[in-house]
Amino acid sequence: MTAALVLVHGAWHGAWAWDSLRTELPDVETIAVDLPSSGPDPASLGTLDDDVAVVRAAVAAAGRPVVVVGHSYGGVPITEGLDGADGVARLVYLTAMMMDVGHTVAGSVRGQWPSWWDVHEDRGYLDARHPEQFLFGDVAPAVCEAAVARLQHQSLAAYTVPLTAAAWKNVPSTYIVCENDAALAPRAQERLAERADRVVRMASAHSPFLSHPEDLAALLREELASVAG
């Protein structure tokens, strides 16, 4: 049975982020989730637990083996939620947070928010400053403009809850390093990637699903082929 792809977006995004990639994979079943921690209303943003529930539901709904791709923050709920989940054949971390038990996103920046994070601690959310530079550095101008217009608020609570599980310890994993990333430094990615079974690299900034969808699709086809059986 051919595996399906479950696509888990990063902070501020939604399932829409994967549209160009999905167009390149017309013969592959793809399931793109919307994480509750990202949304238009700061007062009703979800938690990491909410994100985990959505990811686990998508995996269960596939009804077949799945390769789960987490981009950026999307690496957090797949790490927390998929240890022991039935049907998960491989995890793919796309310039993503591949953290260990007890770690948090906030802790990974050692208490000093990056300058491009617009953090509203009193209201429990953060926005992205200069996303055209940090998130979409090599994305075509028209595509970048459309993506920036769709960005939402991100839950700060989801960044501060320590992980209680690390699925990559028990599920085969691949890390895709984006070598021109201004949001998650390539050096930091390389350290995280040491936890993965397989490491591949792309000459891309932070959002290859928008800037290099054909190349990313080819890499993900390789991941699907690796679990075919």
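Residue 8 in the UniProt record's numbering sits at position 8 of the sequence shown, with consecutive numbering throughout. Heads up, the beta-carbon is just placed ideally off N, CA and C, and yes, glycines get one too.
Among the options, whose alpha-carbon lies nearest the alpha-carbon of residue i?
| i | options | result |
| --- | --- | --- |
| residue 31 | 174, 88, 58, 108 | 58 |
| residue 73 | 4, 184, 66, 26 | 184 |
| residue 63 | 161, 152, 87 | 87 |
| residue 187 | 40, 90, 96 | 96 |
| residue 222 | 113, 8, 25 | 25 |
| residue 151 | 99, 10, 27 | 10 |
| residue 149 | 177, 191, 130 | 130 |
| residue 143 | 211, 40, 124, 36 | 211 |
| residue 135 | 85, 116, 5 | 116 |
| residue 122 | 107, 42, 5, 77 | 42 |
| residue 161 | 140, 40, 107 | 107 |
| residue 68 | 29, 156, 163 | 29 |
Applying the 10 Å Cβ sphere with the 16-neighbour rule, what's the burial state of residue i?
| i | result |
| --- | --- |
| residue 120 | exposed |
| residue 12 | buried |
| residue 214 | exposed |
| residue 101 | exposed |
| residue 177 | buried |
| residue 84 | exposed |
| residue 90 | buried |
| residue 128 | buried |
| residue 110 | exposed |
Straight-line CA distance for residue i to residue j?
| i | j | result |
| --- | --- | --- |
| residue 235 | residue 54 | Lying outside 1 to 229, the shown extent of the chain, residue 235 is not represented and no answer is given. |
| residue 3 | residue 172 | 14 Å |
| residue 126 | residue 189 | 22 Å |
| residue 52 | residue 146 | 28 Å |
| residue 34 | residue 158 | 15 Å |
| residue 50 | residue 201 | 31 Å |
| residue 216 | residue 191 | 21 Å |
| residue 182 | residue 206 | 7 Å |
| residue 99 | residue 209 | 22 Å |
With a threshold of 8 Å, are at least 3 pairs of Cβ atoms found where one atom belongs to the region 191-205 and the other to the region 168-182? yes
Fully enclosed by the region 78-154, which alpha helix (DSSP H) runs are 4 residues long or longer? 105-108, 131-134, 141-150
Counting only runs of 3+ residues fully inside the region 192-226, write out the beta strand (DSSP E) ranges in chain order. Within the region 192-226, the complete beta strand (DSSP E) runs of at least 3 residues are 198-202.
Write down every uninterrupted run of the beta strand (DSSP E) in the region 11-77 whose length is 3 residues or greater and which is fully enclosed by it, in chain order. 30-32, 66-71
Looking at C-beta atoms only, is the number of pairs between the region 36-52 and the region 18-25 that lie closer than 8 Å three or more? Contact between the region 36-52 and the region 18-25 is absent: fewer than 3 CB-CB pairs across the two stretches fall below 8 Å.
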